[in-house]
Structures are given as structure tokens and as C-alpha cells.
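Undergrad: Numbering (full-length UniProt numbering), first residue to last: 1 to 272.
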């Protein structure tokens, strides 16, 4: 009596050929992946709510840890799914953090064909949900860093939020405010760009318009002052370097005078 055993054939690379009883089809894998992501989304949402409770209690570090842990539960953002440009719309800017941005957000995410980027396949619904939750968590991380007066870290977190959601007005506002606090030439210039973007985004009826305009008016002289200060500091460093070299020849940078040539440039004269 012979046994009729089922033989599983394999491809040359050792993978099973289709048709066997243990095959896992591509749709099955997709369903399993989406189930895992949905579980991750649920865990991230729970950690976001936990972080919100800490934030309301003024426990900034604990809130920060909860938001970071929640962010770590989610899949990483795919490359080239966002662009520098994107339609912006108004969000509530009054609260200290983002409770939930699910309602009414039907704006499509960037598809990658702006700014000369290659078109990307459209995001699935679960990918859109992941991007939205990542953006909220990143923005809330930025809010925690603001409370802790860690402004550079807050700028980085808000930038991450904007990579997932280029139309995130609250992240733009926080980033601009933190760059103002940093106060360097480059950071103030970045803040100016964000405030200008906010002015073009917010509807004329928004109560935030006046605040944005005042911020732009106050930031312009600060940019000019920071530019002059940093240029002067750079020139002092260059002068020190020049003196260290010229000193070997009995000269210094004081022997070289730069005067405007009337054509937008400078002419150099040697004096003793």
C-alpha cells in the first residue's frame, strides 16, 4: 500500500510555487500589513492622549516622552511623498497642542509632482491616516520643546510635522515663533518666510491676520540687525586670521583700506 503524499514544488530560489495549500497571496499580506498598521495607529493614538493629559498637567517632559513613544509606533514616512509647496488652510491656532485633527481634513496630501519631483503613487487611506497622526505627534513634540525653551528642537519637530502635512498652519506658526526666539540671521529669515506663508494661507476674516502682520513688521529690523552683527563678527574673525598671516611680514589688515568705488563694489588701497 502506497501513501499519496502531497509534494510542494519550489522555484529555483527555494520559494514555493503557487497552488500549494500553504501559499500566502499578495492580498493576504496586504491585509495583514494593514491590520498591523491599524494596531500601531491605535497605540499611537492612546499615547497621544496620554501625552495630552501630561501636557495639561504641565508635565512637559512626560508629555514629550509619550508623544515620542507614540511616534515610534508608526511606520516611517516614505521618501518624496511631500514637497516644499502645498495648499494651506487654516487650523485652530489657539490651543497649546493638537487634540485631534481628524475632522474636516479632506485636503489631499502632496503627490510629489510639484517642484519637478517625479509623481508618486497615491497614498492609501491607512497611509494618509499615518501621515496625519505623525504630523500631530510631531507638532505636539514641538509644543513640548517650546515649553521647555528648547527652541532648536522645537523647530526640528515642527519641520517634521510639515513634511507629513505641508498644510499644517499650527506647525508653521510654532516654527516661526521658535525661530524668532533663536534670533540668528538665518532663523529670523526662516521665521519671516513662515509668517509670509501664513499671511497667504489664512483667510481675510481670520483673527490671526493682524498678529502675523505685526510679527512681520517687528521681525524686519531684527533681521537687518542680526545680519549686520553676524557680518561684523565674520569680518572680525577674518581680520584676526589675516593679521596672523600678515604679521610675519610686518603688516596687518589695517594696511589695507576698502573704499566704495561708486559702482556697487569696493577698491582696495595699501597704506602704511
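Glycine is no exception: its CB is placed at the ideal position from the N, C-alpha and C atoms.
1. Is the distance from the Cβ of residue 180 to the Cβ of residue 219 below 8 Å?
2. Alpha carbon to alpha carbon, how far is residue 244 from residue 228?
3. Short check: CB of residue 133 to CB of residue 172, under 8 Å?
4. Could you pull the start and end residues of the alpha helix (DSSP H) that residue 202 belongs to?
5. What is the DSSP secondary structure of residue 148, reduced to helix, strand or coil?
6. Just the C-alpha distance for residue 83 and residue 215, rounded to the nearest angstrom, thanks.
7. If you run the structure through DSSP and keep just helix, strand and coil, what is residue 250?
8. What distance in whole Å lies between the Cβ atoms of residue 64 and residue 144, which are believed to be in contact at a cut-off of 8 Å?
9. For the alpha helix (DSSP H) that residue 74 lies in, which residues bound it at each end?
10. Using the Cβ count rule (16 or more neighbours within 10 Å means buried), how would you classify residue 35?
11. Give me the Cα-Cα distance between residue 54 and residue 66, rounded to the nearest whole angstrom.
12. Where does residue 210 fall in DSSP's three states?
13. Could you tell me which of 146, 212, 128 and 137 sits nearest to residue 50, measuring between CA atoms?
14. Within 10 Å of its beta-carbon, does residue 4 have 16 or more other beta-carbons around it, so buried, or fewer, so exposed?
15. What would DSSP say about residue 47, mapped onto helix, strand or coil?
16. By how many angstroms is the C-alpha of residue 221 removed from the C-alpha of residue 135?
TA: Inspection of the coordinates gives the following:
1. Residue numbering aside, residue 180 sits at position 180 when the chain shown is read from its first letter. Residue numbering aside, residue 219 sits at position 219 when the chain shown is read from its first letter. In contact: residue 180 and residue 219 (Cβ atoms closer than 8 Å).
2. On the chain shown, position 244 is the one that residue 244 refers to. On the chain shown, position 228 is the one that residue 228 refers to. The alpha-carbon atoms of residue 244 and residue 228 are separated by roughly 24 Å.
3. In the chain shown, the residue the question calls residue 133 occupies position 133. In the chain shown, the residue the question calls residue 172 occupies position 172. Cβ atoms of residue 133 and residue 172: not closer than 8 Å.
4. Taking the chain shown and counting its residues from 1, one reaches residue 202 at position 202. Here residue 202 belongs to no alpha helix (DSSP H), and DSSP marks it neither H nor E.
5. Here the question's residue 148 lines up with position 148 in the chain shown. Note: residue 148 maps to coil in three-state DSSP.
6. Along the chain shown, one-based indexing puts residue 83 at 83. Along the chain shown, one-based indexing puts residue 215 at 215. Below a pLDDT of 50, predicted positions are generally treated as unreliable, and residue 83, at 43, falls in that range; no measurement from the model is reported.
7. Working through the chain shown from its first residue, we reach residue 250 at position 250. The answer is coil: DSSP assigns residue 250 none of H, G, I, E or B.
8. Taking the first residue of the chain shown as position 1, residue 144 is located at position 144. Taking the first residue of the chain shown as position 1, residue 64 is located at position 64. Right, the Cβ-Cβ distance comes to about 4 Å (below 8 Å), so this counts as a contact.
9. Residue mapping note: residue 74 aligns to position 74 of the chain shown, counting from 1. Taken as a continuous stretch (DSSP letters only), residue 74 belongs to no alpha helix (DSSP H), as it is neither H nor E.
10. Within the chain shown, residue 35 is the residue found at index 35, counting from 1. Counting Cβ neighbours within 10 Å, residue 35 comes out exposed, since fewer than 16 surround it.
11. Stepping through the chain shown from its first residue, residue 54 is reached at position 54. Stepping through the chain shown from its first residue, residue 66 is reached at position 66. Going from the Cα of residue 54 to the Cα of residue 66 covers about 9 Å.
12. Position 210 of the chain shown, counted from the first residue, corresponds to residue 210. In this structure, residue 210 counts as helix in the three-state DSSP scheme.
13. Indexing the chain shown from 1 puts residue 50 at position 50. Nearest C-alpha to residue 50: 137.
14. The residue given as residue 4 occupies position 4 in the chain shown. Reliability of the predicted coordinates at residue 4 is poor, the pLDDT of 48 falling under 50, and the value obtained from them is presented with this limitation in mind. The residue in question, residue 4, is exposed, as its Cβ has fewer than 16 Cβ neighbours within 10 Å.
15. Locating residue 47 in the chain shown gives position 47, counting from the first residue. Of the three classes helix, strand and coil, the one that applies to residue 47 here is helix, per DSSP.
16. Translated into positions along the chain shown, residue 135 becomes position 135. Translated into positions along the chain shown, residue 221 becomes position 221. Roughly 33 Å separates the two Cα atoms.
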